[in-house]
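Trainee: Have a look at this one before I ask anything.
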Amino acid sequence: MKIKLLLLFFLTTQMAFAQQSIPLPITATEGVTWEGPEKNYYSEAWETEVITNVSVPTLEVFLAPDSLNNGTSVIIAPGGGLYAHSIESEGNMVARWLNKKGINAFVLKYRLVPTGEDGVAELSNDWEGKGAAFLIDVKKVLAFSIADGLNAVAYLRRHAEELKINSSSIGFMGFSAGGAVTMGVNYQATAATRPNFLVAVYPWIDVMPVQSPKEDAPPLLVVCASDDPLDLAAPAVDLYSAWLEKKRPVALHMYSQGGHGFGMRKKGLPSDQWIQRFYDWSVAEGFVKRYD
0 MKIKLLLLFF LTTQMAFAQQ SIPLPITATE GVTWEGPEKN YYSEAWETEV ITNVSVPTLE
60 VFLAPDSLNN GTSVIIAPGG GLYAHSIESE GNMVARWLNK KGINAFVLKY RLVPTGEDGV
120 AELSNDWEGK GAAFLIDVKK VLAFSIADGL NAVAYLRRHA EELKINSSSI GFMGFSAGGA
180 VTMGVNYQAT AATRPNFLVA VYPWIDVMPV QSPKEDAPPL LVVCASDDPL DLAAPAVDLY
240 SAWLEKKRPV ALHMYSQGGH GFGMRKKGLP SDQWIQRFYD WSVAEGFVKR YD
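Numbering (numbering that gives the first Met the number 0), first residue to last: 0 to 291.
Following this line, the structure appears as structure tokens:
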């Protein structure tokens, strides 16, 4: 009976910790105003769960089981055009997969463009209707999103001991708009906010142009598909080449098919295995111990 009670207590504690939401500091947001709370709903257009109208940045905690925990952590920034978070396919599902490999995960809900009832629909309308003004509006909010990412790294470093993570093995992984956040975090990082490795999955280079990396730029993995309908393949190669030119550790997985936004969706294509390739890369780079 005592063993059963201890096991129940352990499982309950682990579940509570895994569902913990950590609020991050809210930096100044001059020129942008949000109305109402964030919205969590199923988007028929994207056929997945999304979160929109995020004005309060948070980290959702997914800790690896103690028996597997190798101390490495990954901050995950979902994509969604900075109008939404594709919270399942590019967030929670990624976190749960990483946990099974002993990697701690923290899904970052960074600030988004203020929207109403359906941020996904507004993204489509603004993309088609605003022209160049669309990117101006997005870049304004992107500055806040990047600040959220920097604060996320700083938080994990400060609280590494209580979270049972290694402060010297914190990665940042972003999808599409989250990839723009990832690269922005790298370009603006200080010693306290610099990730130890970067993973840019079909990064949205239009809003965060490729820059020459610093001499101590973290190892980088770039993932994309040649048939990305947003024409992100060539810029992804440019990003890879920038690291290669500076002789910084870098890898590129460019799939012939996969489109955009594949995340953890299964398409019956080689791109379905991108996260396994990330894992292989992280083992080769020495960030994690292999669990197979």
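Beta carbons: idealized from backbone N, C-alpha and C, even for Gly. The structure presented is a predicted model; accordingly, all values stated were derived computationally and were not measured.
Report, in whole angstroms, the separation of the C-beta atoms of G79 and V55, which I expect to be a contact under 8 angstroms.
Mentor: The count along the sequence shown starts at 1 and reaches residue 79 at position 80. The count along the sequence shown starts at 1 and reaches residue 55 at position 56. Taking C-beta atoms under 8 angstroms as the contact rule, G79 and V55 fail to qualify, at a distance of about 17 angstroms.
Trainee: Roughly how far, in whole angstroms, is the beta-carbon of N185 from the beta-carbon of A153, given that I think they are within contact range, below 8 angstroms?
Mentor: Sequence index remark: in the sequence shown, residue 185 carries index 186 (1-based). Sequence index remark: in the sequence shown, residue 153 carries index 154 (1-based). That belief does not hold up - the Cβ atoms of N185 and A153 are roughly 14 angstroms apart, past 8 angstroms.
Trainee: For the candidate residues S225, S270, I25 and D271, whose alpha-carbon lies nearest to that of K108?
Mentor: Position 109 of the sequence shown, counted from the first residue, corresponds to residue 108. Of S225, S270, I25 and D271, the residue nearest in Cα terms is I25.
Trainee: Does the separation of the CB atoms of W33 and V119 fall below 8 angstroms?
Mentor: For the purposes of this step, residue 33 is identified with residue 34 of the sequence shown, where counting begins at 1. For the purposes of this step, residue 119 is identified with residue 120 of the sequence shown, where counting begins at 1. For W33 and V119, no; Cβs fall outside 8 angstroms.
Trainee: Nearest-angstrom Cα distance between L149 and T192?
Mentor: Taking the sequence shown and counting its residues from 1, one reaches residue 149 at position 150. Taking the sequence shown and counting its residues from 1, one reaches residue 192 at position 193. If you take the alpha carbons of L149 and T192, they lie about 5 angstroms apart.
Trainee: What runs of the alpha helix (DSSP H), each 4 residues or longer, lie entirely inside the stretch 108-155?
Mentor: Along the stretch 108-155, the alpha helix (DSSP H) occurs as fully enclosed runs of 4 or more residues at 118-128, listed in sequence order.
Trainee: Mind checking whether the beta-carbon of S225 lies closer than 7 angstroms to any heavy atom of the ligand NAD?
Mentor: Absence of the ligand NAD from the depicted structure is noted, as is the absence of any ligand whatsoever, leaving it without description.
Trainee: Can you name the start and end residues of the alpha helix (DSSP H) that N39 belongs to?
Mentor: Along the sequence shown, one-based indexing puts residue 39 at 40. Annotation for N39: no alpha helix (DSSP H) segment contains it, though the beta strand (DSSP E) segment containing it runs K38 to S42.
Trainee: Have a look at K99, L62 and P218 and flag the residue whose alpha-carbon is nearest the alpha-carbon of K163.
Mentor: As a working mapping, residue 163 is identified with position 164 in the sequence shown. Ranking the options by Cα distance to K163, first place goes to L62.
Trainee: Output needed for L122: all residues of its chain with C-beta closer than 6 angstroms, excluding positions within five of it in sequence on either side, in chain order.
Mentor: Here residue 122 corresponds to residue number 123 of the sequence shown, with the count starting at 1. Only G80 and Y82 meet the Cβ criterion.
Trainee: Quick check on the burial criterion: 16 or more other C-beta atoms within 10 angstroms. Buried or exposed for I74?
Mentor: Translated into positions along the sequence shown, residue 74 becomes position 75. Buried is the call here.
Trainee: What runs of the beta strand (DSSP E), each 3 residues or longer, lie entirely inside the stretch 163-204?
Mentor: Within the stretch 163-204, complete beta strand (DSSP E) segments of at least 3 residues are found at 169-174 and 196-200, given in chain order.
Trainee: R247 to G115, Cα distance in whole Å?
Mentor: By one-based count along the sequence shown, residue 247 stands at place 248. By one-based count along the sequence shown, residue 115 stands at place 116. The straight-line gap from Cα to Cα measures roughly 43 angstroms.
Trainee: Report the CB separation of L141 from V206 in whole angstroms; it is logged as a contact under 8 angstroms.
Mentor: Within the sequence shown, numbered from 1, the residue matching residue 141 stands at position 142. Within the sequence shown, numbered from 1, the residue matching residue 206 stands at position 207. About 6 angstroms; that satisfies the 8 angstroms criterion.
Trainee: Which whole-angstrom value describes the C-beta separation of P77 and F174, a residue pair presumed to lie in contact below a C-beta threshold of 8 angstroms?
Mentor: In the sequence shown, the residue the question calls residue 77 occupies position 78. In the sequence shown, the residue the question calls residue 174 occupies position 175. About 6 angstroms; that satisfies the 8 angstroms criterion.
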